[in-house]
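In the working numbering, the protein residues as written are 12 to 622.
Right, one structure below, let's go through it.
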Ligand code: 9MR
Ligand code: 9MR
């Protein structure tokens with residue numbers, strides 16, 4: 012048997028990944044921050060048995076590669092620089108069978124190498140990784156591109172060539188201009204209400220043009236939290252005004268907050284107005300009455316847009332994010348912060364009065380269901396944000412009497428997500444100063460570090476160091492990797508312990524190529540990277556006149572559920588971490604979404620900082 016397994020995983024061969032060229036991303040304005048750092052846009056070279064982060068490594072960070080090999084003895088590895096000279100060497104650590112990938116693996120650890128440059132490779136028995144950089148500034152360009160994803164997902168505003176690049180420019184979508192029928196005067200679904208609302212703006216959720224409050228909530232929270240964390244640490248200048256390619260550059264407000272505000276304004280428009288039945292609650296979602304075809308440019312969507320029944324979960328997502336808004340935006344725009352707080356308070360009161368408005372899986376025609384039957388976690392999260400912002404005793408009591416305040420289940424092994432939000436309340440109460448007793452705050456902080464240690468433990472037990480259980484490759488698994496990495500990074504902020512920073516940074520290695528398919532899931536980053544994600548405008552694979560997803564778009568990732576026809580047909584029998592196909596029709600493995608790019612934005616901001 013050969014020492015190195017040269018055959019690629021069956022899933023990858025089926026996917027036919029080795030043939031398609033990568034399109035270059037759109038150009039960026041001269042005044043904009045550098046984009047697309049360290050990226051190769053050459054033709055795909057195919058995967059290799061030595062899997063590394065294809066963007067690269069931080070000089071002071073963990074540096075590990077995974078080697079696919081059935082050999083039971085350690086193998087020699089070499090780190091070579093661009094000139095081919097060996098700059099470090101060692102022996103692999105045998106991991107053996109890896110349940111998630113279905114492969115046998117070794118680990119090559121070159122963390123102790125402290126040089127910097129580009130064009131490095133790890134070589135094991137003549138097999139080479141793709142080339143990568145070792146650079147302190149590795150993540151600055153990616154951070155910028157990951158945030159541009161949000162700008163380019165904006166509804167209700169033209170996407171400017173000067174900001175997004177000519178290929179990505181498009182007219183405003185859903186401003187009531189024919190053939191659009193929304194989103195300025197949007198009626199309810201029949202039987203839900205007898206009036207219309209202006210719910211323009213916000214971000215399109217994903218590859219579809221729906222706008223969903225629960226997913227908007229968790230995504231907005233992550234962007235605002237990324238700023239709140241940096242502000243507390245004193246590293247927020249990198250997120251400040253004129254750091255991103257957005258129209259609000261130069262308005263004196265940190266750009267990441269400008270971007271998040273685009274969604275916050277939409278979320279508040281989704282609140283049922285005073286004087287109407289269920290006043291103060293939030294409509295669960297708004298989207299097309301019927302699924303539109305792929306591709307469909309936003310401004311060409313002719314479907315009727317509709318508001319769907321208010322839900323308790325959506326109402327509490329609004330309460331939580333609007334309360335967070337009131338706290339974080341206060342120093343930049345007091346009037347906006349006050350408007351957020353008023354909305355949050357009304358949402359909280361309405362949720363208390365209407366705790367049984369449950370969004371179910373039945374409502375999935377024309378848009379995603381985002382069923383969220385459990386709302387106790389959302390009550391806890393909203394109470395935590397309202398308490399952290401106001402210090403008021405009613406919210407404090409709601410926090411301390413919630414079972415989620417002490418539950419060991421607040422940080423799921425598979426990660427918090429749009430339906431499981433108690434962790435967000437914990438993260439806020441563990442990091443934002445409040446009037447909780449010191450012992451209680453210490454307990455909450457310990458719950459964060461305990462969760463982080465659990466994710467580190469999951470990583471160390473696997474061939475690819477993924478902070479997920481081997482059985483947890485669900486729809487959006489890449490977002491779940493990101494969310495668990497955010498928890499590890501927060502634990503680093505609380506303790507200064509390097510193992511947490513290493514866990515967060517190493518999670519990026521997984522997303523950028525150190526994985527079962529040996530490919531980067533972030534478009535434009537890596538020799539072999541996703542570029543056919545499911546999207547109705549970035550739909551080059553379906554229509555050559557349309558662009559590929561812009562650099563910095565994260566694919567949903569492996570999903571062992573095979574929940575779309577392409578995945579079901581092409582990936583049967585795949586190992587969980589290999590259940591992925593870079594095909595535009597595979598929405599259950601290869602869509603993009605705001606709740607997956609949001610943790611990536613948080614993490615790239617974190618990784619771009621000096622520790
Ligand atoms: O494009 C839709 C994607 O955004 C959703 O995540 C997915 C599941 O809700 O559904 C996709 O739409 C498909 C629809 O469900 C069935 N017909 C084909 C659609 C793909 O264009
Ligand atoms: O991210 C959502 C995932 O957790 C669900 O399993 C899946 C099916 O309901 O829906 C995902 O969300 C999609 C939403 O329903 C519609 N817009 C695209 C979202 C990402 O695929």
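The beta-carbon is built from N, C-alpha and C at its ideal position, and this holds for glycine as well.
Everything numeric in this text was worked out from a predicted model, so none of it was measured.
Exposed or buried, what is residue 188 when buried is set at 16 or more other beta-carbons lying within 10 Å of its beta-carbon?
-> exposed
Quick one: what's residue 567 bridged to in DSSP?
-> Paired residues: none, contrary to the question.
Relative to ligand 2, is the shortest distance from any of its heavy atoms to the C-beta of residue 365 smaller than 8 angstroms?
-> no
Cα-Cα separation, residue 402 to residue 443 | 11 angstroms
Residue 264 to residue 91, Cα distance in whole Å?
-> 44 angstroms
Specify the secondary structure class of residue 48 as computed by DSSP and reduced to three states.
-> Low confidence applies to residue 48: its pLDDT is 29, below 50, so where it sits in the model is not reliable enough to give any reading.
Taking C-alpha atoms, which residue in 70, 305, 457, 241 lies nearest to residue 128?
-> Closest in alpha carbon position to residue 128, among 70, 305, 457, 241, is 70.
Have a look at 391, 513, 164, 418 and flag the residue whose alpha-carbon is nearest the alpha-carbon of residue 408.
-> The residue with the shortest Cα to Cα distance from residue 408 is 391.
From residue 210 to residue 281, what does the alpha carbon distance come to, in whole angstroms?
-> Taking the straight line joining both Cα atoms gives about 6 angstroms.
Quick one: give me the first and last residue of the beta strand (DSSP E) that residue 143 is part of.
-> Looking at the DSSP string, the run of the beta strand (DSSP E) that includes residue 143 is 143 to 145.
Residues with C-beta closer than 5 angstroms to any heavy atom of ligand 2, in chain order | For ligand 2, the residues with a Cβ under 5 angstroms from any of its heavy atoms are, in chain order, 216, 217, 219, 379, 486, 487, 602, 604.
Cβ contact check for the segment 500 to 507 and the segment 559 to 579: 3 or more pairs under 8 angstroms | no
Go ahead and pull the three-state DSSP assignment for residue 170.
-> strand
What did DSSP end up calling residue 369 once you bin it into helix, strand or coil?
-> When DSSP states are grouped into helix, strand and coil, residue 369 belongs to the coil group.
Should residue 305 be counted as a contact of ligand 4 given a C-beta to heavy atom distance under 8 angstroms?
-> As far as ligands go, the structure on display features ligand 1 and ligand 2 and does not contain ligand 4.
Using a threshold of 8 angstroms, is the CB atom of residue 106 nearer than that to any non-hydrogen atom of ligand 1?
-> no
Ligand 1 heavy atoms versus the CB of residue 227: any closer than 8 angstroms?
-> no
Quick one: give me the first and last residue of the alpha helix (DSSP H) that residue 596 is part of.
-> Taken as a continuous stretch (DSSP letters only), residue 596 belongs to no alpha helix (DSSP H), as it is neither H nor E.
Exposure of residue 518, with buried meaning 16 or more beta-carbon neighbours within 10 Å = buried
Would you say residue 362 and residue 383 are within 9 angstroms of each other, going by their C-beta atoms?
-> Result no, Cβ atoms of residue 362 and residue 383 do not sit closer than 9 angstroms.
Please list, in chain order, all residues of the same chain as residue 277 whose beta carbon is under 6 angstroms from its beta carbon, the five residues on each side excluded.
-> 212, 213
Using the C-alpha atoms, what's the distance from residue 337 back to residue 352?
-> 5 angstroms
Residue burial classification, residue 375 (beta-carbon count within 10 angstroms, cutoff 16) | Residue environment: residue 375 is assigned as exposed (fewer than 16 neighbouring CB atoms within 10 Å of its CB, all protein chains considered).
C-alpha distance - residue 141 paired with residue 327, whole-angstrom precision = Spanning the two alpha carbons is a distance of roughly 45 angstroms.
Spatial neighbours of residue 431 within its chain, please: CB distance less than 8 angstroms, with the 5 preceding and 5 following residues excluded, ordered by chain position.
-> For residue 431, where only same-chain residues beyond five positions count, the Cβ hits under 8 angstroms are 385, 388, 423.
Go ahead and pull the three-state DSSP assignment for residue 294.
-> strand
Cβ-Cβ distance between residue 151 and residue 469 below 9 angstroms = no
Which word fits residue 79, buried or exposed, when buried means at least 16 other C-beta atoms lie within 10 angstroms of its C-beta?
-> With 16 or more Cβ atoms within 10 Å of its Cβ, residue 79 is classed as buried.
Cβ of residue 141 versus every heavy atom of ligand 1: is any distance shorter than 8 angstroms?
-> Checking the Cβ of residue 141 against ligand 1 gives no.
Would you report the Cα separation of residue 292 and residue 321, rounded to the nearest angstrom?
-> 6 angstroms
Any heavy atom of ligand 1 closer than 8 angstroms to the CB of residue 375?
-> yes
Count the other C-beta atoms from every protein chain shown that fall within 10 angstroms of the C-beta of residue 526, then say buried if there are 16 or more, exposed otherwise.
-> Under this definition residue 526 is a buried residue.
For residue 431, does the three-state DSSP call read helix, strand or coil?
-> strand
In angstroms, rounded to a whole number, what distance separates the CA positions of residue 512 and residue 208?
-> Here the alpha carbons of residue 208 and residue 512 stand approximately 45 angstroms from one another.
When you compare each of 478, 341, 348, 202 to residue 288 by their alpha carbons, which one comes out closest?
-> Answer by Cα proximity: 202.
Cα separation between residue 364 and residue 398?
-> Cα atoms of residue 364 and residue 398: separation of roughly 19 angstroms, rounded to the nearest angstrom.
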